[in-house]
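Residue numbers (this note's numbering): 5 to 90.
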């Protein structure tokens, strides 16, 4: 299954409701699972981004749909990188 790196920036709404982040992350895990994908790892990070996740999805179209669904909730802005093994 293809691997994707999802780079996230919290929006003002996401920061305002940061205490809800654990339950939002649980919801995202379920969303991925419901679409045959997997949120493998999630990291809060320092630097240019607020969080990074490592994900797997059946194909680019499925992942794009998931990323847009996540972003549409208004808590994060996303940037997707398709990752390839060596």
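In this text, a Cβ means the ideal position worked out from N, Cα and C, and glycines have one as well.
Original post:
CA-CA distance, residue 15 and residue 35?
Top reply: 20 Å
**OP:** Taking residue 44 as part of the beta strand (DSSP E), name the residues at either end of that continuous run.
**Re:** 42-48
Original post:
Which of the three DSSP states, helix, strand or coil, is assigned to residue 68?
Top reply: Note: residue 68 maps to helix in three-state DSSP.
Original post:
Quick one: what's got a C-beta closer than 7 Å to residue 78's C-beta in the same chain, skipping five residues either side?
Top reply: 15, 17
Original post:
Cβ of residue 13 within 8 Å of Cβ of residue 81?
Top reply: Contact check for residue 13 against residue 81 passes: the beta carbons are separated by less than 8 Å.
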